[in-house]
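In what follows, a structure is listed as structure tokens, so that the remarks can point back to it.
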Amino acid sequence: MLKEIDYQQILEGIYQDIKVYSTEGKQADYIPALARVNPEQFGMCLRLTNGREFTVEDADTRFSIQSISKVFALAMAMSLKGESIWERVGKEPSGTAFNSLVQLEFEKGFPRNPFINAGAIVIADVLMSELTDAGTTFLDFVRDISGNKTITYDREVARSEREYGFLNAAIANLLKSHGRIVNDLEEVLAFYFRMCSVTMSCRDLARAFLAFTNVEPFNYCGFPLTSSQIKRLNAVMQTCGFYDEAGEFSYLVGLPGKSGVGGGIAAVCPGRYAVAVWSPRLNPKGNSVMGMKALELLTTRTEESIF
Ligand code: GLN
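All residue numbers for the sequence shown refer to my numbering, where the first residue is 13 and numbers rise by one.
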């Protein structure tokens with residue numbers, strides 16, 4: 013039996029209270045397609061495990077999910093490879109920026125976890141080895157898990173990521189030099205950038221992340237995950253989902269989740285709800301300012317977090 017909580021009222025209250033932060037931070041501008049997004053936007057969608065859904069403001073506006081795509085990629089790779097996936101990538105928080113090279117060199121090209129760029133590039137390589145058309149299958153999986161067949165890649169974002177992706181190319185080259193990438197480097201990078209370019213709304217993301225609330229095992233598009241695997245996926249989100257701000261997010265919000273430089277954050281309260289929030293202005297660590305505030309208030313006001 014779910015507690016009686018007026019989620020709609022809570023979401024509206026949160027929006028009112030975080031408006032003061034609407035000019036704080038700066039949107040991602042490393043590619044023109046993201047720099048052009050109107051930063052004065054905010055959306056939020058919460059979906060309960062009983063199917064009820066609550067939204068506020070721009071919950072149906074699509075945005076670039078960027079690194080949130082790393083969760084879907086890991087779910088597919090865990091389904092395909094089981095525990096052996098951890099021979100290719102670690103599961104320790106990095107404590108460094110998502111695109112840092114320093115640690116990667118020091119640790120001989122073995123990425124700390126699948127949610128930093130280096131780890132996600134290795135996961136992209138794994139998916140390419142296992143699937144005949146990884147690009148199509150990834151999109152099919154995302155469409156299936158979110159229940160929205162219209163979700164697609166943003167070609168312009170993908171192209172521009174490639175054009176300006178010098179740091180990611182450096183990471184991929186370092187990985188390759190240590191024998192951590194099997195497939196063609198350019199093709200792996202192209203697939204990685206395509207995954208980052210997927211556009212979804214808060215409503216799409218809340219629906220997709222509902223699968224990770226672990227009410228039951230799932231099988232989307234022929235990619236099954238057991239309850240135990242979903243639990244472990246949540247553990248990695250909890251410890252590694254926010255780069256060098258994972259501790260802060262755990263402290264303030266207390267939910268497993270994943271952010272992206274498009275300004276989106278998706279999070280999970282196991283057994284209770286999935287929530288997605290979006291606002292383009294980022295803090296210096298690359299996480300949405302209003303998004304973090306909104307989720308902090310959500311778990312404080314509902315008294316629902318994993319702790
Ligand atoms: N496309 C971005 C990159 O590879 C994704 C990073 C992110 O969302 N943190 O740099």
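C-beta: ideal position from N, C-alpha, C; glycine also.
A Cβ closer than 6 Å to some heavy atom of the ligand GLN marks a residue here, and those residues are Gln78, Ser79, Phe110, Asn111, Asn129, Glu173, Asn180, Cys208, Gly272, Val273 and Gly298.
Of the candidates Ile26, Gln39, Phe66 and Asn246, the residue whose Cα lies closest to the Cα of Ser300 is Gln39. With a beta-carbon spacing of about 14 Å, Met90 and Ala136 fall beyond the 8 Å limit used to define contacts.
Around the beta carbon of Gly272, 16 or more other beta carbons lie within 10 angstroms, which makes this residue buried.
Secondary-structure assignment with DSSP links Trp290 through a beta bridge to Gly55 and Gly276.
Apart from sequence neighbours up to five positions away, the residues of its chain that approach Thr67 with a beta-carbon distance below 6 Å are Cys57, ordered along the chain.
Within its own chain, the residues whose Cβ lies closer than 6 Å to the Cβ of Ser158, once the five positions on either side in sequence are excluded, are Asp216, Arg219 and Ala220, listed in chain order.
Look at Pro236 here: in three-state DSSP terms it is strand. In the three-state reduction of the DSSP assignment, Phe66 falls in the strand class, which pools E and B. Selection Phe319, Glu308, Glu315 and Ile318 evaluated against Ile26 yields Glu308 as nearest (Cα-Cα).
In the DSSP annotation of this structure, the continuous segment of the beta strand (DSSP E) that includes Lys270 starts and ends at Gly269 to Ser271.
Around the CB of Pro44, fewer than 16 other CB atoms lie within 10 Å, so the residue is classed as exposed.
In the structure shown, Lys297 adopts coil according to DSSP, grouped into three states. Leaving aside the five residues that flank Leu222 on each side, the residues in its chain whose CB is nearer than 6 Å to its CB run, in chain order, Arg59 and Ala286. In this structure, Ile183 and Ile133 form a Cβ contact; the two beta carbons are roughly 6 Å apart against a cut-off of 8 Å. Just measuring C-alpha positions, the residue of Arg244, Gly107 and Ala202 sitting nearest Leu86 is Arg244. Secondary-structure assignment with DSSP links Ser76 through a beta bridge to Thr211.
Nearest to Glu65 by alpha-carbon distance, out of Lys120, Leu92, Gln20 and Glu257, is Gln20. Beta-bridge annotation (DSSP): Phe230 is paired with Leu237.
In the three-state reduction of the DSSP assignment, Thr144 falls in the coil class, being assigned neither a helical nor a strand state. For Lys82, the enclosing alpha helix (DSSP H) begins and ends at Ser81 to Lys93. In this structure, Phe254 lies away from Ile242, with their beta-carbon atoms at least 8 Å apart.
Taken through DSSP and simplified to helix, strand or coil, Tyr176 comes out as coil. When secondary structure is reduced to three states using DSSP, Lys305 falls in the helix class. Going by C-alpha positions, Pro296 is about 34 Å away from Ile17. Counted as a single uninterrupted DSSP element, the stretch harbouring Gly121 is not any alpha helix (DSSP H), since DSSP gives it neither H nor E.
Per DSSP, reduced to three states, the secondary structure at Thr311 is helical.
No residue range can be given for Ser106, since it is assigned to no alpha helix (DSSP H) and is classified by DSSP as neither H nor E. Straight through space, the alpha carbons of Pro282 and Ile318 are spaced by roughly 7 Å. In terms of CA proximity to Arg192, Glu119 leads the group Asp256, Ala258 and Glu119.
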